[in-house]
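Numbering follows my numbering, with no gaps: position 14 of the sequence shown is 14. Only one structure is covered here, and it is reproduced in the block below.
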Amino acid sequence: MDLDGTLYTNNGPIEGAREALKRLDRAGVAYRFITNATHEPRRRIAAHLKALGFPA
1 MDLDGTLYTN
11 NGPIEGAREA
21 LKRLDRAGVA
31 YRFITNATHE
41 PRRRIAAHLK
51 ALGFPA
């Protein structure tokens, strides 16, 4: 699952993105987060996702 522009933008989570991931979780669908923001440590990306209400 791509991050910036798919799950969130600079303005916050994209409408329906959190709910979509919850539906995937309930259905038992495995997914991974991907990004091209290689300058950011994984911990910081995970913390940002959690702050936006995404499971990370």
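Quick reminder that beta carbons are idealized off the backbone N, C-alpha and C, glycines included.
Rounded straight-line distance, which links the Cα of residue j to that of residue i
i             : j                : result
proline 41    : phenylalanine 33 : 14 Å
asparagine 10 : arginine 26      : 28 Å
lysine 22     : glycine 12       : 17 Å
Any non-hydrogen atom of the ligand NAP within 7 Å of residue i CB
i            : result
glutamate 40 : Looking at this structure, you won't find the ligand NAP or any other ligand, since it has none at all.
Beta-carbon proximity check, residue i vs residue j, cutoff 8 Å
i             : j                : result
leucine 24    : phenylalanine 54 : no
isoleucine 45 : alanine 51       : no
Own chain residues within Cβ distance below 7 Å of residue i, not counting five before or after
i           : result
tyrosine 31 : Met1 and Leu24
Beta-carbon contacts of residue i that lie in its chain and below 8 Å, excluding the five residues immediately before and after
i          : result
alanine 69 : Nothing about residue 69 can be read from this structure; the chain reaches only from 1 to 56.
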